[in-house]
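Residue numbers (our numbering): 5 to 536. Note sheet for the following structure.
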Ligand code: HEM
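Dropping the structure here:
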């Protein structure tokens, strides 16, 4: 039967549409593979075509492993998305992060509301300098010396709890160090921000903060890698699902600020005492104020990261007995009592302690995500990174986990060897090692809280080792935190402390069993430490 004119028109329209779609697809694929300014850079085929490659692994919280694997396959520069390059050398680290012609990627804004920014999300370098100058004095070495007694008070609570666990058989004496150090980290940063007692170590009621931070970071990391999502309806879904946790958290931060602004600015050695003149907040409209925005970031930056570093050291010490013995000997010969452990030449002289902290952060960085950067939009000069011309509009960065596992800088990258950080290894190797250390990033946008991170981790580790001996918990609990033999997701090394990359790193374990050291005649907050 002959086709009608209407049917002919419809089938021609379908055929026309199909040809158009096929031609556009072929053009799109050819462009991204052959004509795109980054087409000459190696990388997985799917990554050259779509940002979904990195996005998917970001959702799976293991993009750091994939980037490391891709560098092993494709070399020191990899095209990890249609418009993204990751580099894997110390030279690139310097070229990117210590370069005034480079700014943070525009996608940092996808985690802001109404484009109101804080020190972390300010994109232009001059705006960032202003913001950094405001908060930095609160976390310098000097500020830490005033804050140290308060930090030590919180650490005493942690030590008492470890002591109690060591003396109990029900519940199990095993302590989950991720949980313990995270509680401690939050209590310390609450004190540091607004002299506020969050009481996370001792009470349940504020522990929801960890969940709220988790979702905030995870969402932010997904948007860094799939920025289109932040503009879609899915953002509202995130808001809806996590509304309750976020709202509760925001109310708590409001309470913290309100209770602090009523006191004299010098009443406590906290962030507020440094920023009160510059970052004012009207008690009736705290949300959205600059003080509020800085506080939200400050609490996450300080509360989430140090715990990962400390748990990682515990994990690796429990599995590397020779390192444990060396560190214990250093600490126990440097101090006369646990209460002597404080900032000073003795603590600064504990080189092996510092080496253990470095080595643990090398293997399991507390921030393992690529910190994306781009050329300043106002700069029109050609940009070269590690000898490669990088077209404008490209996002680029170095992934800390991948660089920290690059054999060029760190032979046997999956072995815990604190000695690699000590000058006694000789041959100028340590300078090369330090040049490739990216845990705190480098340059003007590097971590402002380094002094606090080293102080907190040094005090916790040194005091713990002075007072206790410890080992991995017996049975299955000993495996928590490590990889699984035979795993196909890149997490197959039992002796590697696994991190879930959600911008900051999430961890679990290690579970440890503690034993108070005999004969040290020590007290923690008035409780005698007795060998049982
Ligand atoms: C082991 C612990 C820590 C690690 C590994 C770490 C790592 C980092 C990294 C990699 C950045 C750069 C982020 C980016 O470029 O997007 C950063 C920024 C920052 N960190 Fe830390 N951090 C730690 C602890 C702390 C602590 C305890 C504080 C204090 C509360 C802090 C405050 C900050 C601030 C204010 C920034 C923003 C700096 C700026 O943009 O100028 N950090 N941190």
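Virtual Cβ for every residue (Gly too), placed ideally from N, Cα, C.
Beta-carbon proximity check, residue i vs residue j, cutoff 8 Å
i, j, result
"residue 378", "residue 357", "no"
"residue 402", "residue 91", "yes"
"residue 498", "residue 513", "no"
"residue 277", "residue 270", "yes"
"residue 132", "residue 123", "yes"
"residue 120", "residue 297", "yes"
"residue 491", "residue 310", "no"
"residue 158", "residue 192", "yes"
"residue 178", "residue 517", "yes"
"residue 227", "residue 115", "yes"
"residue 139", "residue 267", "no"
"residue 258", "residue 213", "no"
"residue 300", "residue 284", "no"
Any non-hydrogen atom of the ligand HEM closer than 7 Å to residue i Cβ
i, result
"residue 367", "no"
"residue 182", "no"
"residue 116", "no"
"residue 266", "no"
"residue 302", "yes"
"residue 198", "no"
"residue 62", "no"
"residue 400", "no"
"residue 370", "yes"
"residue 214", "no"
"residue 257", "no"
"residue 446", "no"
"residue 450", "yes"
"residue 107", "no"
"residue 537", "With the chain running from 5 to 536 in the structure shown, residue 537 is simply not present."
Nearest candidate by alpha-carbon position, reference residue i, set the options
i, options, result
"residue 307", "390, 79, 344 and 202", "202"
"residue 260", "235, 195, 409 and 238", "195"
"residue 137", "279, 44, 218 and 483", "279"
"residue 141", "66, 273 and 177", "273"
"residue 506", "249, 221 and 342", "221"
"residue 341", "219, 521 and 416", "521"
"residue 293", "117, 380, 239 and 17", "117"
"residue 185", "161, 198, 176 and 170", "161"
"residue 417", "339, 146, 344 and 441", "441"
Rounded C-alpha distance that separates residue i from residue j
i, j, result
"residue 477", "residue 315", "14 Å"
"residue 143", "residue 330", "31 Å"
"residue 168", "residue 318", "19 Å"
"residue 383", "residue 237", "34 Å"
"residue 77", "residue 88", "17 Å"
"residue 337", "residue 460", "20 Å"
"residue 465", "residue 369", "17 Å"
"residue 352", "residue 180", "28 Å"
"residue 420", "residue 52", "35 Å"
"residue 474", "residue 173", "16 Å"
"residue 32", "residue 50", "13 Å"
"residue 528", "residue 163", "7 Å"
"residue 24", "residue 14", "15 Å"
"residue 446", "residue 436", "15 Å"
"residue 19", "residue 29", "15 Å"
"residue 409", "residue 26", "42 Å"
"residue 4", "residue 396", "What the structure shows of the chain is the stretch from 5 to 536, and residue 4 is not part of that stretch, so it cannot be assessed."
"residue 79", "residue 85", "16 Å"
"residue 519", "residue 426", "30 Å"
"residue 388", "residue 22", "42 Å"
"residue 404", "residue 511", "17 Å"
"residue 206", "residue 156", "16 Å"
Neighbour flag for residue i against chain C, beta carbons, 8 Å
i, result
"residue 101", "Judged by its chain identifiers, the structure shown contains no chain C, having just a single protein chain."
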